[in-house]
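Trainee: Residue numbers (full-length UniProt numbering), protein chains in the order written: chain A, 1 to 346; chain B, 1 to 333. Heads up, the beta-carbon is just placed ideally off N, CA and C, and yes, glycines get one too. Note that the structure is predicted; figures quoted are calculated from it, not measured.
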Amino acid sequence: MDMLQIIDEGGTLVSPDLLPGDETLLALYRAMRRIRHFDERAVVLHRQGRMGVYPPYGGMEASQAGTTFALTHDDWLLPTYRDTGAALTYGLPIAQVVLYWRTSPHGWAMPEGLKVLPFYIPIATQYPHAVGCALAERMQGRSNVAMAFIGDGGSSEGDFHEALNFAGALSAPCVFILQNNGWAISVPTSAQTKAVNLSKRADGYGIPGVRVDGNDIVAVYHATREAVERARRGEGPTLIETVTYRVKPHTVSDDPGRYRTEDLTKEWLTKDPVVRLRAFLTSRGTWSDEHEAALVQEITDEFEAAVLEADSYGEPTPSEIVDHVFATPTPALSEQRALLLEEYGA
Amino acid sequence: MTLTAQKTQTMTMVAAINDALKLALSRDEKVCVFGEDVGVMGGVFRATDGLQAQFGPARVFDTPLAEAGIVGMGVGLGLAGMRPVAEIQFAGFLYPALDQILSHVGRYRHRTRGRFSVPMVVRAPYGGGVHTPEQHADSPEAILAHTPGVKVVIPSTPSDAKGLLLAAIEDPDPVFFFEAIKLYRSVKEEVPEGYFTTPLGKARTVREGDDVTVICYGGMVEVCTKAADAAREHDISVEVIDLRTLVPMDKDAVLASVRKTGRAVIVTEAPRTAGFHSEIAAVIAEEALDSLLAPVVRVTGFDAPYPPFTSVEDTYRPNPARVARAIKSVLDY
Ligand SMILES: Cc1ncc(C[n+]2csc(CCOP(=O)(O)OP(=O)(O)O)c2C)c(N)n1
Chain A
1 MDMLQIIDEG
11 GTLVSPDLLP
21 GDETLLALYR
31 AMRRIRHFDE
41 RAVVLHRQGR
51 MGVYPPYGGM
61 EASQAGTTFA
71 LTHDDWLLPT
81 YRDTGAALTY
91 GLPIAQVVLY
101 WRTSPHGWAM
111 PEGLKVLPFY
121 IPIATQYPHA
131 VGCALAERMQ
141 GRSNVAMAFI
151 GDGGSSEGDF
161 HEALNFAGAL
171 SAPCVFILQN
181 NGWAISVPTS
191 AQTKAVNLSK
201 RADGYGIPGV
211 RVDGNDIVAV
221 YHATREAVER
231 ARRGEGPTLI
241 ETVTYRVKPH
251 TVSDDPGRYR
261 TEDLTKEWLT
271 KDPVVRLRAF
281 LTSRGTWSDE
291 HEAALVQEIT
301 DEFEAAVLEA
311 DSYGEPTPSE
321 IVDHVFATPT
331 PALSEQRALL
341 LEEYGA
Chain B
1 MTLTAQKTQT
11 MTMVAAINDA
21 LKLALSRDEK
31 VCVFGEDVGV
41 MGGVFRATDG
51 LQAQFGPARV
61 FDTPLAEAGI
71 VGMGVGLGLA
81 GMRPVAEIQF
91 AGFLYPALDQ
101 ILSHVGRYRH
111 RTRGRFSVPM
121 VVRAPYGGGV
131 HTPEQHADSP
141 EAILAHTPGV
151 KVVIPSTPSD
161 AKGLLLAAIE
171 DPDPVFFFEA
181 IKLYRSVKEE
191 VPEGYFTTPL
201 GKARTVREGD
211 DVTVICYGGM
221 VEVCTKAADA
231 AREHDISVEV
241 IDLRTLVPMD
251 KDAVLASVRK
261 TGRAVIVTEA
271 PRTAGFHSEI
281 AAVIAEEALD
291 SLLAPVVRVT
301 GFDAPYPPFT
311 SVEDTYRPNP
321 ARVARAIKSV
331 LDY
């Protein structure tokens, strides 16, 4: 095994000395279970026409929750479209994520007190931003870090490589998460790059690279927490490759049948991160069916309340198209806004 | 249109593009097609469907996810004798490749005094009206049109898409070929079978008319045609000109029509400031001012990023009602 693992596919403890306490284990389980619920419900909301295009992450919950779990709200989070699970774990309200995928402008207005940026749609562009956010924290005398996500596909973009090099050269307090989920839409990692071990890309930039079982949340959390602490101590960036799998389609409108057979996906289902930790907790006697039922009830209630909250935000008005382009609108924009108000009255 | 076959077949625009690529690959071994997801999957819009199966992965292939790499490699392929046809998945994702485009693509012929050139075609779906997420609906054609040494083609019908794409692939210079996502499957028409080219730089008169000229291209042609049809019911005769290619632009067709009607409305879904529409307006002002009976009017998107807010998308993107109001305003002037 060329990657860090603490609990294996069968739910067996393989690295006992790295196991955190029960409280942490239960919190990790809860975080994962919560975002799985969100992901499943989001797909249903889409089918009901209550959410737009949505990129699911089912099967990648450990990779998303285990990484973000290591942050505080003083740290920066730069998630991509698929990292809604990471953002939810960091503390972004569920209603906000629903509003984003409902294409509401409120989905962009990130709440005060959270240093999370709106989901990145253009691939890899977030990586250099993370370097800048991280340096800005240091320049202002703070020890906060910036964590950015990317996919295996995104790690082919120039921005990825430039950011890693910058972060290394400037010793920026960054944690770079590379979720290797096997696919960039239809392109498997094996066709994306000749490289097999993507964490080794860090070597080229003189920074530490760690490869971790992305379906083992305990291992993901362990590796990320170490990287965050290293960054806080001023020891520079780390690249963490979480080896996982995109069980779901690329987005709700993608048909994976065009480019892959179900065999590999079935195999990955046996490595399900939620099932794995639950089996482990159950075997230790810290989890039961009753606990599970209570948790699911709590999460369901939370989700339904959030959807109601999202429903309470109205549709955007036409004049909102030209709002917030500049701090002070240009004369041209003011004219355009007046025109919109005249024609649409809002 | 240089026809070698007269038979026709009903096709959508995306099928016509697929047909053109198939013909180009069959006809010239130097043609190769590449980009993100174009191979096994046949492109996110299926424009390259079946091409890898027919021509093999050496000529039709998936690249890593890196637009600067795709365009930059295309430069090399073109310089060294191939006829690269690259796909950028959405025009809004051309931006990572802008370094290659602005620094190199259009400059090679000039900076080697004709010794080397880049006969590349870059295809990119563009424009709105289909409720896509952020940055999937951009219309960046003006950036390209402003770049010396590159041509810009934007078809609005299946036949034009086929003929213009084949002409673009034959063209010895780099061509950016924007395909309106909204039109991929919404329009069908009889498309001539077999190989033919539609010359770059020749506009098409979509509707003839006497009272006002509406100049448009790509996804806006459908919108303007609807506005023209509605105007006819009010006895207003609108001439609709589909530019087809922005570079080279068919100045003669635009000027002849404006001289005939005396009025011009230019329609685009790109942002308002400094767009290609402003170029058209300037040409009219410079060369047909004496014929104008009213100021030239532009109907455009707004000086804001294209909104992914689906319920207001139809407000951002010009619709027939907005075009009709502009037509009325130049008539009432
Ligand atoms: C610059 C850019 N190019 C292309 C796209 C279109 N696109 C969206 S997702 C995607 C695949 C991304 O794969 P990966 O980085 O592995 O992340 P994953 O979706 O697997 O999480 C592509 C090509 C984009 N969003 N941005």
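How long is the line joining the alpha carbons of ALA142 of chain B and PHE276 of chain B, rounded to whole angstroms?
Mentor: On the second sequence, residue 142 of chain B is found 142 positions in, with the first residue counted as 1. On the second sequence, residue 276 of chain B is found 276 positions in, with the first residue counted as 1. Distance between the alpha carbons of ALA142 of chain B and PHE276 of chain B is about 5 Å.
Trainee: Given that a residue counts as buried once 16 or more other Cβ atoms are within 10 Å of its Cβ, and exposed if not, what is ASP235 of chain B?
Mentor: Taking the first residue of the second sequence as position 1, residue 235 of chain B is located at position 235. Flag for ASP235 of chain B reads exposed.
Trainee: Name, please, each residue of chain B whose Cβ falls closer than 8 Å to the Cβ of ILE121 of chain A.
Mentor: Mapped onto the first sequence, residue 121 of chain A falls at position 121. The contacting residues are PRO133, GLU134, GLN135, HIS136.
Trainee: Is VAL228 of chain A helix, strand or coil by DSSP?
Mentor: Taking the first residue of the first sequence as position 1, residue 228 of chain A is located at position 228. VAL228 of chain A: helix per DSSP, three-state reduction.
Trainee: With respect to 8 Å, is the separation between the Cβ of GLY154 of chain A and the closest non-hydrogen atom of ligand 1 below this value?
Mentor: Taking the first sequence and counting its residues from 1, one reaches residue 154 of chain A at position 154. Yes, the beta carbon of GLY154 of chain A sits closer than 8 Å to at least one heavy atom of ligand 1.
Trainee: Counting only Cβ pairs nearer than 9 Å, list the residues of chain B close to GLN336 of chain A.
Mentor: In the first sequence, residue 336 of chain A corresponds to position 336, counting from 1. Simply ARG272, PHE302, ASP303, ALA304.
Trainee: Answer yes or no: do GLU287 of chain B and THR8 of chain B have a C-beta to C-beta separation smaller than 9 Å?
Mentor: What you label residue 287 of chain B is simply residue 287 of the second sequence in a count that begins at 1. What you label residue 8 of chain B is simply residue 8 of the second sequence in a count that begins at 1. Not in contact: GLU287 of chain B and THR8 of chain B (Cβ atoms no closer than 9 Å).
Trainee: If distances are taken between C-alpha atoms only, which option among A:TYR57, A:SER319, A:THR224, A:SER312 comes closest to ALA70 of chain A?
Mentor: As a first step, residue 70 of chain A is located in the first sequence; it is residue number 70 there, counting from the start. Comparing Cα positions, the closest option is A:THR224.
Trainee: On the criterion of 16 or more Cβ atoms from any shown chain inside 10 Å, does MET139 of chain A qualify as buried, or is it exposed?
Mentor: Residue 139 of chain A sits at position 139 when you count from the first residue of the first sequence. Answer is exposed; the Cβ neighbour count stays below 16.
Trainee: How is the beta strand (DSSP E) around MET82 of chain B delimited, first residue to last?
Mentor: Sequence index remark: in the second sequence, residue 82 of chain B carries index 82 (1-based). No beta strand (DSSP E) contains MET82 of chain B, which DSSP labels as neither H nor E.
Trainee: For a test of the three-state rule: what should DSSP assign to PHE176 of chain A, helix, strand or coil?
Mentor: Position 176 of the first sequence holds residue 176 of chain A. Residue state, collapsed to three classes: strand.
Trainee: If you measure beta-carbon to beta-carbon, which residues of the stretch 34–46 of chain A are closer than 8 Å to chain E?
Mentor: Among the protein chains of the structure shown, namely A and B, there is no chain E.
Trainee: Would you check if the stretch 197–205 of chain A and the stretch 48–61 of chain B touch, i.e. whether three or more CB-CB distances between them fall below 8 Å?
Mentor: no
Trainee: Apart from the five residues on each side of it in sequence, which residues of its chain come closer than 6 Å, Cβ to Cβ, to PHE90 of chain B?
Mentor: By one-based count along the second sequence, residue 90 of chain B stands at place 90. Cβ neighbours of PHE90 of chain B beyond the five flanking positions: PRO125, HIS136.
Trainee: Listed in chain order, which residues of the stretch 165–198 of chain A have Cβ atoms closer than 8 Å to some Cβ of chain B?
Mentor: ALA184, ILE185, SER186, VAL187, ALA191, GLN192, THR193
Trainee: Which runs of the beta strand (DSSP E) fall wholly inside the stretch 147–203 of chain A and span at least 3 residues, in chain order?
Mentor: 174–180
Trainee: Between ARG232 of chain A and the rest of its own chain, which residues show a CB-CB distance below 7 Å, the 5 nearest in sequence each way excluded?
Mentor: Counting from 1 along the first sequence, the entry for residue 232 of chain A is found at position 232. Counting only Cβ-Cβ distances below 7 Å, and skipping sequence neighbours, we find SER143, VAL145, PRO173.
Trainee: Run through DSSP, which three-state label would THR24 of chain A get?
Mentor: Numbered from its first residue, the first sequence carries residue 24 of chain A at position 24. Looking at THR24 of chain A - three-state DSSP - the assignment turns out to be helix.
Trainee: Using a Cβ-Cβ cut-off of 6 Å (strictly less than) and excluding sequence neighbours within five positions of THR125 of chain A, which residues of its own chain qualify?
Mentor: Here residue 125 of chain A refers to the residue found at position 125 of the first sequence. Cβ neighbours of THR125 of chain A beyond the five flanking positions: ASP159.
Trainee: Please name the residues in the stretch 305–329 of chain B whose beta-carbon is closer than 7 Å to at least one beta-carbon of chain A, in chain order.
Mentor: PRO307, PRO308, PHE309, THR310, SER311, VAL312, THR315, TYR316
Trainee: Quick check: is any heavy atom of ligand 1 less than 8 Å from the C-beta of HIS129 of chain A?
Mentor: The residue you call residue 129 of chain A lines up with position 129 of the first sequence. Checking the Cβ of HIS129 of chain A against ligand 1 gives no.
Trainee: Shorter than 9 Å from the beta carbon of TYR108 of chain B to some beta carbon of chain A?
Mentor: Numbered from 1 along the second sequence, position 108 holds the residue referred to as residue 108 of chain B. No, TYR108 of chain B does not count as interfacial toward chain A.
Trainee: Do ASP2 of chain A and LYS248 of chain A count as a contact pair if the criterion is CB distance below 9 Å?
Mentor: Along the first sequence, read from residue 1 onward, the residue named residue 248 of chain A stands at position 248. Along the first sequence, read from residue 1 onward, the residue named residue 2 of chain A stands at position 2. No Cβ-Cβ contact shorter than 9 Å links LYS248 of chain A with ASP2 of chain A.
Trainee: For the alpha helix (DSSP H) that TYR126 of chain B lies in, which residues bound it at each end?
Mentor: Taking the first residue of the second sequence as position 1, residue 126 of chain B is located at position 126. Unbroken run through TYR126 of chain B is the beta strand (DSSP E), 121–126; no alpha helix (DSSP H).
Trainee: Within 9 Å (strictly less), CB to CB, does GLU36 of chain B reach chain A?
Mentor: On the second sequence, residue 36 of chain B is found 36 positions in, with the first residue counted as 1. Yes, GLU36 of chain B counts as interfacial toward chain A.
Trainee: Kindly list the residues whose CB is nearer than 8 Å to the CB of THR147 of chain B, restricted to its own chain and excluding five residues on each side of it in sequence; keep chain order.
Mentor: In the second sequence, residue 147 of chain B corresponds to position 147, counting from 1. Within its own chain, the residues whose Cβ lies closer than 8 Å to the Cβ of THR147 of chain B, once the five positions on either side in sequence are excluded, are ILE101, LEU102, VAL105, GLY106, listed in chain order.
Trainee: Where ASP99 of chain B and ALA68 of chain B are concerned, what is the direct C-alpha to C-alpha distance, given to the nearest angstrom?
Mentor: Counting from 1 along the second sequence, the entry for residue 99 of chain B is found at position 99. Counting from 1 along the second sequence, the entry for residue 68 of chain B is found at position 68. One C-alpha to the other measures close to 7 Å.
Trainee: Please classify LEU77 of chain A: does DSSP put it in a helix, a strand, or coil?
Mentor: Counting from 1 along the first sequence, the entry for residue 77 of chain A is found at position 77. Three-state DSSP puts LEU77 of chain A in a strand.
Trainee: Taking all protein chains shown into account, decide if residue 370 of chain A is buried (16 or more other Cβ within 10 angstroms of its Cβ) or exposed.
Mentor: What the structure shows of chain A is the stretch from 1 to 346, and residue 370 of chain A is not part of that stretch, so it cannot be assessed.
Trainee: Distance cutoff 9 Å, beta carbons only. Does TYR333 of chain B sit that close to anything in chain A?
Mentor: To locate residue 333 of chain B, count along the second sequence from 1; it is residue 333. With 9 Å as the cut-off, TYR333 of chain B does not count as an interface residue toward chain A.
Trainee: Determine the contact status of ASP338 of chain A and ARG272 of chain B, defining contact as a CB-CB distance below 9 Å.
Mentor: For the purposes of this step, residue 338 of chain A is taken as residue 338 along the first sequence, with counting starting at 1. For the purposes of this step, residue 272 of chain B is taken as residue 272 along the second sequence, with counting starting at 1. A small correction: the amino acid at residue 338 of chain A is Ala; Asp does not occupy that position in the sequence shown. For ALA338 of chain A and ARG272 of chain B, no; Cβs fall outside 9 Å.
Trainee: How would you write the range of the alpha helix (DSSP H) that LYS260 of chain B sits in, first residue to last?
Mentor: On the second sequence, residue 260 of chain B is found 260 positions in, with the first residue counted as 1. Residues 251–261.
Trainee: Mind checking if ARG201 of chain A is an interface residue toward chain B, Cβ cutoff 9 Å exclusive?
Mentor: The sequence position of residue 201 of chain A within the first sequence is 201, counting from 1. Output row for ARG201 of chain A: interface = no.
Trainee: Taking the runs of the beta strand (DSSP E) that are 3 residues or longer, which of them lie wholly in the stretch 284–315 of chain B?
Mentor: 297–299
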